[in-house]
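Residue numbers for the sequence shown follow my numbering, beginning at 112 and rising by one.
Ideal Cβ positions, reconstructed from N, Cα and C, are used throughout, including at glycine.
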Amino acid sequence: MGKPKTPDAVKIFCGILFENQKYLDDVLPFLEKIFGQCDIRSNIFPFDFTQYYENEMGKNLQKIFVSFEKLLIPENCFEWKLLTNDIEKQFSRHIGKPSRTVNIDPGYLGLSKIVLLTTKDYSHRIYLGKGIYAEVSLIWKQKKFQPLPWTYPDYRTELALKFFEDMRKILKAR
112 MGKPKTPDAV
122 KIFCGILFEN
132 QKYLDDVLPF
142 LEKIFGQCDI
152 RSNIFPFDFT
162 QYYENEMGKN
172 LQKIFVSFEK
182 LLIPENCFEW
192 KLLTNDIEKQ
202 FSRHIGKPSR
212 TVNIDPGYLG
222 LSKIVLLTTK
232 DYSHRIYLGK
242 GIYAEVSLIW
252 KQKKFQPLPW
262 TYPDYRTELA
272 LKFFEDMRKI
282 LKAR
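Shown next as structure tokens:
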């Protein structure tokens with residue numbers, strides 16, 4: 112019989128989608144208050160993979176991945192998504208369009224995988240609690256992160272894969 116044990120600590124990251132750099136600059140201190148100082152950032156890149164967010168957020172969307180210094184045990188990781196949803200609400204516009212200024216997608220990196228937290232259910236997602244699901248989006252195989260059939264296009268880019276490999280090096284060194 113296997114014995115339950117505490118999982119290894121993981122590194123937290125957020126994918127942040129925004130139209131105006133000001134919103135990114137405004138939201139980062141809120142995230143750092145929860146997850147600790149930002150230790151690495153990807154370059155900002157155009158988010159032109161889908162038009163899904165245009166009605167809520169505008170047309171010229173950009174994205175960045177940010178990683179945080181603090182290591183956390185993922186036991187109640189669904190709470191991280193609830194917290195980032197609250198931050199999104201704080202930064203939403205109540206009058207005018209677009210109504211949503213940022214989209215914050217938290218996730219975590221362990222040595223073997225990247226896990227995204229989401230409010231959307233799908234066949235490959237596992238329910239965690241309070242309306243939050245998790246999906247493994249990248250796996251560490253043959254000394255690099257590999258996408259899965261459902262991995263979002265922005266997580267398949269060279270920029271994203273390099274960012275997550277850099278994050279993994281930091282975690283492995285700790």
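Buried/exposed call for residue i, threshold 16 Cβ in 10 Å
i: residue 240; result: exposed
i: residue 283; result: exposed
i: residue 285; result: exposed
i: residue 227; result: buried
i: residue 217; result: buried
i: residue 181; result: exposed
i: residue 174; result: buried
Member of the options whose CA lies at the smallest distance from the CA of residue i
i: residue 277; options: 146, 173, 220; result: 220
i: residue 190; options: 255, 242, 171; result: 242
i: residue 161; options: 272, 197, 263; result: 263
i: residue 126; options: 157, 120, 117; result: 157
i: residue 267; options: 225, 231, 234; result: 225
i: residue 169; options: 128, 142, 150, 183; result: 128
i: residue 118; options: 256, 196, 223, 143; result: 223
i: residue 265; options: 183, 249, 115, 255; result: 249
i: residue 159; options: 150, 172, 142; result: 172
i: residue 200; options: 187, 150, 141; result: 141
i: residue 202; options: 136, 151, 188, 238; result: 136
i: residue 187; options: 234, 113, 238; result: 238
Nearest-angstrom Cβ-Cβ length linking residue i and residue j, presumed shorter than 8 Å
i: residue 145; j: residue 194; result: 6 Å
i: residue 211; j: residue 167; result: 4 Å
i: residue 214; j: residue 134; result: Their Cβ separation, rounded to whole angstroms, is 10 Å, which puts residue 214 and residue 134 out of contact at 8 Å.
i: residue 179; j: residue 148; result: 7 Å
i: residue 185; j: residue 121; result: 5 Å
i: residue 183; j: residue 123; result: 6 Å
Close Cβ partners of residue i (< 8 Å) along its chain, the five nearest in sequence each way excluded
i: residue 299; result: In the structure as shown, the chain begins at 112 and stops at 285. Residue 299 is therefore absent and cannot be evaluated.
i: residue 231; result: 244
i: residue 269; result: none
i: residue 256; result: 225, 249, 250, 272, 275, 276, 279
i: residue 130; result: 168, 169, 170, 171, 172, 173, 209, 212
DSSP state of residue i mapped onto helix, strand, coil
i: residue 194; result: helix
i: residue 154; result: coil
i: residue 217; result: strand
i: residue 275; result: helix
i: residue 139; result: helix
i: residue 132; result: helix
i: residue 253; result: coil
i: residue 184; result: coil
Distance cut-off 8 Å: residue i Cβ against heavy atoms of the ligand ADP
i: residue 252; result: In the structure shown, the ligand ADP is absent, as is every other ligand, since no ligand is present at all.
Own chain, CB closer than 6 Å to residue i, minus 5 neighbours either side, in chain order
i: residue 274; result: 153, 176
i: residue 197; result: none
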